[in-house]
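Colleague: Dropping the structure in here first, questions after.
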Amino acid sequence: MMVRSAVFLMLQLVLTVVFALLALLTFPFSIWVRYRVITTWNRLIVWLARWVCGIRYEVIGLANLPTAPSIIMAKHQSAWETIALPVILPPMAIVLKRELLRIPFFGWGMAMLKPIAIDRGDGRAALKQITEQGKQRLADGMGVLIFPEGTRVAVGEMGKYNIGGAWLATHADSLVVPVAHNAGQCWPKGAFLKRAGVITVSIGPAINPQGMKADALNKAVQTWIEAEMTRLADAQATTK
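Here the sequence shown is numbered in the numbering used here, starting from 24 and rising by one per residue.
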């Protein structure tokens with residue numbers, strides 16, 4: 024897989040430069056036009072991952088997605104889900120650390136998609152920003168995608184589930200959809216080598232935040248995701 028991973032990386036870098044420059048040209052257009060054009064990069068990277076590295080994916084639970092814009096709270100194991108979820112899900116504003124927007128080319132493209140770029144070093148300000156900008160994105164017809172663990176975690180591990188997504192949901196009265204996946208099995212955190220296999224993305228039932236406090240909602244999301252992670256791991260083990 025060394026050669027395949029190297030070829031994939033080179034092609035990814037070339038596409039990133041090309042689409043970053045293309046993204047700048049979409050600035051005069053609406054967010055919907057920009058989203059469609061720029062996420063073509065995501066589709067191509069997912070396609071390359073399949074045909075170069077042998078990484079395929081399947082999705083279960085698509086019917087659980089609400090018709091109205093909602094808040095997606097997803098497990099964070101890999102770079103794969105940050106690329107693939109915008110392909111799988113309706114248009115979303117991603118909550119990310121603001122440092123990512125400073126990365127040449129990649130950050131330029133991301134900035135065109137109206138992300139919610141937070142300073143993770145200032146928790147209070149970040150929570151306020153997620154709430155204010157998240158409510159605005161939802162009102163504009165976009166969903167919000169947040170990784171509550173804040174950073175990628177290794178396979179089999181669980182990070183601290185930060186309350187930002189749940190706080191936004193209780194203040195915006197928006198449905199929350201938990202998402203689990205096992206992308207770390209094929210595209211491990213911080214690893215150069217990719218592994219051929221099938222990634223399963225599991226979309227859980229939407230949770231209505233009405234009458235719930237943010238910490239209780241956050242716990243409900245965590246419980247569903249981690250239970251589903253265990254189920255996915257067990258299912259994978261039985262197929263080996």
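We put the CB at the ideal spot given by N, CA and C, even for glycine.
With DSSP as the reference, please indicate the residues paired to Glu81 in a beta bridge.
Modeller: Translated into positions along the sequence shown, residue 81 becomes position 58. Note: Glu81 sits in a beta bridge opposite Thr223.
Colleague: Within 8 Å, do at least three Cβ pairs link the region 216-224 to the region 178-190?
Modeller: Segments in contact, no.
Colleague: Express the C-alpha separation of Ile106 and Asn65 in angstroms, rounding to a whole number.
Modeller: Position 42 of the sequence shown, counting from 1, holds the residue named residue 65. Position 83 of the sequence shown, counting from 1, holds the residue named residue 106. So the alpha carbons of these two residues sit roughly 5 Å apart.
Colleague: Can you grab the Cα-Cα spacing for the pair Leu255 / Asn205, in whole Å?
Modeller: As a first step, residue 255 must be located in the sequence shown, where it is residue number 232. As a first step, residue 205 must be located in the sequence shown, where it is residue number 182. In a straight line, the C-alpha of Leu255 is about 7 Å away from that of Asn205.
Colleague: Return the CA-CA distance between Ile61 and Pro51, expressed in angstroms with no decimal places.
Modeller: Here residue 61 corresponds to residue number 38 of the sequence shown, with the count starting at 1. Here residue 51 corresponds to residue number 28 of the sequence shown, with the count starting at 1. If you take the alpha carbons of Ile61 and Pro51, they lie about 14 Å apart.
Colleague: Considering Ile120, what are the terminal residues of the beta strand (DSSP E) in which it resides?
Modeller: Taking the sequence shown and counting its residues from 1, the one referred to as residue 120 is at position 97. The residue asked about is misnamed: residue 120 is Lys in this sequence, not Ile. It spans Met115 to Lys120 - the beta strand (DSSP E) in which Lys120 sits, taken as one unbroken run.
Colleague: Which same chain residues, not among the five before or five after Asn231, have their C-beta less than 7 Å away from its C-beta?
Modeller: Your numbering for residue 231 matches position 208 in the sequence shown. Within the same chain, Asn231 has close Cβ partners Leu198.
Colleague: Ends of the beta strand (DSSP E) at Ile95?
Modeller: Position 72 of the sequence shown, counted from the start, is the residue given in the question as residue 95. Ile94 to Ala97 is the span of the beta strand (DSSP E), which, as asked, contains Ile95.
Colleague: Roughly how many angstroms lie between the CA atoms of Trp131 and Leu47, to the nearest whole one?
Modeller: Indexing the sequence shown from 1 puts residue 131 at position 108. Indexing the sequence shown from 1 puts residue 47 at position 24. Cα-Cα distance, rounded: 7 Å.
Colleague: Can you tell which of Thr90, Leu108 and Ala91 has the C-alpha that lies nearest to the C-alpha of Ala97?
Modeller: Counted from its first residue, the sequence shown places residue 97 at position 74. Measuring from the Cα of Ala97, the nearest candidate turns out to be Leu108.
Colleague: Assuming Pro177 contacts Ile94 under a Cβ cut-off of 8 Å, what Cβ separation, rounded to an integer in Å, is found between them?
Modeller: Taking the sequence shown and counting its residues from 1, one reaches residue 177 at position 154. Taking the sequence shown and counting its residues from 1, one reaches residue 94 at position 71. One point to set straight first is that residue 177 is Ala, not Pro, in the sequence displayed. Between Ile94 and Ala177 the Cβ distance is about 25 Å, and since that is not below 8 Å, they are no contact.
Colleague: Quick check on Leu296: does DSSP put it in helix, strand or coil?
Modeller: The chain is shown only over 24 to 263; residue 296 falls outside these bounds and no answer can be derived.
Colleague: Report all residues from its chain with a CB closer than 6 Å to the CB of Ile186; omit the five preceding and five following residues, and keep chain order.
Modeller: Along the sequence shown, one-based indexing puts residue 186 at 163. So the qualifying residues of the chain are Ala237 and Asn241.
Colleague: Could you please give me the residues that DSSP links to Ala203 through a beta bridge?
Modeller: As a working note, residue 203 is residue 180 in the sequence shown. In DSSP, Ala203 forms a bridge with Ser225.
Colleague: Could you tell me the distance, in whole angstroms, from the CA atom of Leu34 to the CA atom of Val82?
Modeller: Start at 1 with the first residue of the sequence shown, and residue 34 comes out as number 11. Start at 1 with the first residue of the sequence shown, and residue 82 comes out as number 59. Cα to Cα, Leu34 sits roughly 26 Å from Val82.
Colleague: Using DSSP bridges, identify the partner residues of Leu168.
Modeller: As a working mapping, residue 168 is identified with position 145 in the sequence shown. In the DSSP output, where bridge partners are listed per residue, Leu168 has Ile95 and Ile117.
Colleague: Quick check on this structure: which residue in Arg143, Ser53, Met135 and Asp163 has the alpha carbon closest to the alpha carbon of Ile195?
Modeller: The residue labelled residue 195 in the question sits at position 172 within the sequence shown. Here residue 195 turns out to be Ala, not Ile, going by the sequence shown. Comparing Cα-Cα distances from Ala195 to each of Arg143, Ser53, Met135 and Asp163, the minimum goes to Asp163.
Colleague: If you run the structure through DSSP and keep just helix, strand and coil, what is Ile141?
Modeller: Within the sequence shown, residue 141 is the residue found at index 118, counting from 1. If DSSP states are grouped into helix, strand and coil, Ile141 belongs with the strands.
Colleague: Can you tell me whether Lys120 sits near the ligand PLP, meaning its C-beta is under 7 Å from at least one heavy atom of the ligand?
Modeller: In the structure shown, the ligand PLP is absent, as is every other ligand, since no ligand is present at all.
Colleague: Report all residues from its chain with a CB closer than 8 Å to the CB of Arg121; omit the five preceding and five following residues, and keep chain order.
Modeller: Here residue 121 is taken as the residue at index 98 of the sequence shown, counted from 1. Ala140, Ile141 and Asp142.
Colleague: Which residues does DSSP pair with Ile153 in a beta bridge?
Modeller: The residue labelled residue 153 in the question sits at position 130 within the sequence shown. Paired residue(s): none; Ile153 is not in a bridge.
Colleague: Using 8 Å as the threshold, is the C-beta distance between Ala203 and Ile248 below it?
Modeller: Mapped onto the sequence shown, residue 203 falls at position 180. Mapped onto the sequence shown, residue 248 falls at position 225. A contact, by the Cβ cut-off of 8 Å.
Colleague: Taking Trp268 as the reference, which of Met115, Met235 and Ala239 has the closest Cα?
Modeller: With the chain covering 24 to 263 only, the question about residue 268 has no answer from this structure.
Colleague: With which residues is Ile230 paired in a DSSP beta bridge?
Modeller: The count along the sequence shown starts at 1 and reaches residue 230 at position 207. Bridge partners of Ile230: Val199.
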